[in-house]
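Student: Take this structure, written in structure tokens, and hold onto it; I'll ask about it next.
There are 2 protein chains.
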Amino acid sequence: MLFLIGLGLGNADDITVKGLKLLQQSSKIYLENYTSILSIGKNELEKVYGRELILADREMVEQNADVILDEAEREDVSFLVVGDPFGATTHSDLLLRAKERNIKTQIVHNASICNAVGCCGLQLYKFGETVSIVFWEIDWQPESFYDKILANKERGLHTLCLLDIKIKEKSVENIIKNRNIYEPERFMTVNVAIEQILEISKRRNCQVITPQTKGVGLARIGADNQLIKYGSLEELKIFNFGPKLHSLVIIGDLHPLEHDLLCNFSS
Amino acid sequence: MLFLIGLGLGNADDITVKGLKLLQQSSKIYLENYTSILSIGKNELEKVYGRELILADREMVEQNADVILDEAEREDVSFLVVGDPFGATTHSDLLLRAKERNIKTQIVHNASICNAVGCCGLQLYKFGETVSIVFWEIDWQPESFYDKILANKERGLHTLCLLDIKIKEKSVENIIKNRNIYEPERFMTVNVAIEQILEISKRRNCQVITPQTKGVGLARIGADNQLIKYGSLEELKIFNFGPKLHSLVIIGDLHPLEHDLLCNFSS
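Residue numbers (full-length UniProt numbering), protein chains in the order written: chain H, 1 to 267; chain E, 1 to 267.
This is the structure:
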């Protein structure tokens, strides 16, 4: 049987009681570490869970899923995912392959940034489509996420921006030359995300999203040292949010209660 | 200190390890039971947690919040919420009042239907604004949620529809006469939600949301007996989803992977 277990956000004890039970009855435990990552590391998780974890990177999951599924055919295997198991497409794909092979699966849900973002005071039902912002390269600067933020803002809705994570990625040169050399890990900060957003506003001469537009920067949500900061994009762009992971909300129309709650995070 | 602890969806062991620890160190434990409700009852939760729970209904939380906060000023108090603590406005309000009184708070996040809905195979980042559908009365049949579904659909986005829950509600007559007589509990089914949606389509002669529009009906998500059914609104309208709670998704544009995953739930 294959258990897809959400770890939630933050610490080792954010796993659910059910998740911990299933993990401990498993023969093998994989820890997915490329779509998201906890502030604490593999070692601390192993200490708390009392079990050895196998790091599963993108190559392993996308190219060798059958190895995991072969094991799950014979014994109980846990696949741990930061947040909720359905935050990323890849895990849906693993589930589909398991179903095709008639391997039983069980899902253990948990918090993800998509609902935990409510802790800043913004109401979840006032969020529109979520967007992902990727690191720009010199010759690749996608802007499609910006149109989605605009479309949400036109309807008065907030936008949750998920920020890029680069773990075990290869450069184009190394892919072409088929070399297993990986780039250093990178996590997009709130600051870089806002720089890219305001750069698009400038290019388009857009008056809807400007340096005065209000936003919320979030860092390490769910962890003991989480940080939330409400302010204009101009203010947030130069604020130091500290270590990974960061997220950003571009605010739509504010309800008075939302405003009152946000003010806790403005100083 | 006030702990706002999410219980997740489904069973007693869907609480996180952190949540269970904080609950057990609390002097008093309130169980919120009006914005959502677990399939299992208070008694089973008490058995598993080994602690007595105090049911907190809407009146208590909205009118007597100060009683809870007085206690939290002196000792550790837990306030348990089905799903994530930020699913409903009321809990944000409780948090704001605690902050105004300088009472320390800690949030324990958990899964909510807003992210667990991903288990049907639809990608979370392809959802637009979430809507709530309330029970229609003879003289009160709001349609504003319908416009939001349409606006999502125009952008190719899915819509999560949260369905009405009536717990310990008074009739207008009993409110006027100030009588503490409560109406029977009611939970909107997928079937009733679709009836109301298609009634609006008929009134408006709308060709965008029709009996052939595809949707997903979800019941008891996170519980052992959860049920997911994919089909046309016409099919889902007459399907028996069983006991509470139900939710509904109106589908926008489908990615091929989403389609493949949904097909697991079409028979």
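Using N, Cα and C, we set each Cβ at its ideal position, and we do this for glycine too. This structure is a prediction, so every number in the text was calculated from the model and none was measured.
Let's test the definition: count the other Cβ atoms within 10 Å of the Cβ of Asp76 of chain E and tell me whether it reaches 16, buried, or not, exposed.
Tutor: buried
Student: By the three-class DSSP mapping on this structure, what secondary structure does Lys148 of chain E have?
Tutor: helix
Student: Which runs of the beta strand (DSSP E), 3 residues or longer, sit entirely within the stretch 98-170 of chain E?
Tutor: Qualifying beta strand (DSSP E) stretches, in chain order: 105-108, 131-133, 159-163.
Student: DSSP state of Ile175 of chain E, grouped into three classes?
Tutor: helix
Student: Helix or strand or just coil, what does DSSP make of Ile221 of chain H?
Tutor: coil
Student: Is it the case that the Cβ atoms of Ile103 of chain E and Leu69 of chain E are separated by a distance below 8 Å?
Tutor: The answer is yes: Cβ separation under 8 Å.
Student: Excluding the 5 residues preceding and the 5 following Ile250 of chain H in the sequence, name in chain order all residues of the same chain whose CB lies nearer than 6 Å to its CB.
Tutor: Ile149, Thr159, Gly215
Student: My assumption, with CB atoms under 8 Å, is that Ser78 of chain E sits in contact with Leu23 of chain E. Please give the rounded CB distance.
Tutor: Yes, Ser78 of chain E and Leu23 of chain E are in contact; Cβ-Cβ is about 5 Å, under 8 Å.
Student: Please classify Glu59 of chain H: is it buried, with 16 or more other beta-carbons within 10 angstroms of its beta-carbon, or exposed?
Tutor: It is exposed - the Cβ of Glu59 of chain H has fewer than 16 other Cβ atoms within 10 Å.
Student: Which residues in chain H have a C-beta closer than 7 Å to the C-beta of Thr89 of chain E? List them in chain order.
Tutor: Here the neighbours are Gln123, Leu257.
Student: Is Ala111 of chain H closer than 8 Å to His255 of chain E when the C-beta atoms are compared?
Tutor: no
Student: Taking a contact to mean a Cβ-Cβ separation below 8 Å, would you say His246 of chain H touches Thr189 of chain H in this structure?
Tutor: Closer than 8 Å, so yes.
Student: Would you give the residue range spanned by the beta strand (DSSP E) that Glu32 of chain H belongs to?
Tutor: 28-32
Student: Checking the sheet assignment: what are the DSSP bridge partners for Phe3 of chain E?
Tutor: E:Ser78, E:Gln106
Student: Hey, is the stretch 128-135 of chain H in contact with the stretch 203-221 of chain H, meaning 3+ C-beta pairs nearer than 8 Å?
Tutor: no
Student: Against chain H, does Gly8 of chain E count as a neighbour if the rule is that its beta carbon must be under 8 Å from one of theirs?
Tutor: yes
Student: Residues of chain E with CB closer than 7 Å to the CB of Gly118 of chain H, please, in chain order.
Tutor: Asp84, Phe86
Student: Using beta carbons (cut-off 8 Å, strictly below), is Val249 of chain E in contact with chain H?
Tutor: no
Student: Does the Cβ of Cys263 of chain E have 16 or more other Cβ atoms within 10 Å, making it buried, or fewer, making it exposed?
Tutor: exposed
Student: Does the pairing of the stretch 26-42 of chain H with the stretch 51-58 of chain H give three or more beta-carbon distances under 8 Å?
Tutor: yes
Student: Bridge partners for Lys214 of chain H per DSSP, in chain order?
Tutor: H:Ser232
Student: Who are the near neighbours of Glu185 of chain E in its chain, counting only those whose CB is closer than 7 Å to its CB and skipping five residues on each side?
Tutor: Lys166, Ile167
Student: I think Leu20 of chain E touches Val17 of chain H, with their Cβ atoms under 8 Å apart; what is that distance to the nearest whole Å?
Tutor: 6 Å
Student: Using a C-beta to C-beta distance shorter than 7 Å, which residues of chain H count as neighbours of Cys114 of chain E?
Tutor: Result: Cys114, Asn115, Leu124.
Student: Within 10 angstroms of its Cβ, does Pro142 of chain E collect 16 or more other Cβ (buried), or is it exposed?
Tutor: exposed
Student: From the DSSP output, in three-state form, read off Val208 of chain H for me.
Tutor: coil
Student: At a CB-CB cut-off below 8 Å, which residues of chain E make contact with Leu261 of chain H?
Tutor: When 8 Å is used as the limit between beta carbons, Leu261 of chain H is near these residues of chain E: Ser92, Leu95, Leu96, in chain order.
Student: How big is the Cα-Cα spacing for Ile209 of chain H and Gly156 of chain H?
Tutor: 13 Å
Student: Tell me which residue opens and which closes the beta strand (DSSP E) that His255 of chain H is part of.
Tutor: Counting along the chain, His255 of chain H falls outside any beta strand (DSSP E), and DSSP gives it neither H nor E.
Student: Helix, strand or coil for Ile194 of chain H? Go by DSSP, reduced to three states.
Tutor: helix
Student: Would Thr105 of chain E pass as an interface residue toward chain H - the criterion being a Cβ-Cβ separation below 8 Å?
Tutor: Not an interface residue.
Student: Around the C-beta of Pro85 of chain E, are 16 or more other C-beta atoms found within 10 angstroms, so that it is buried, or is it exposed?
Tutor: buried
Student: Leu248 of chain H bridges to which residues according to DSSP?
Tutor: Residue pairing of Leu248 of chain H in beta bridges, as defined by DSSP: H:Cys161, H:Gly217.
Student: Got a sec? Which residues, its chain only, sit under 6 Å from Ile15 of chain H by beta carbon, not counting five neighbours each side?
Tutor: Taken in chain order, the residues that qualify are Leu7.
Student: Would you verify that the beta carbon of Gly217 of chain H is, or is not, closer than 8 Å to some beta carbon of chain E?
Tutor: no
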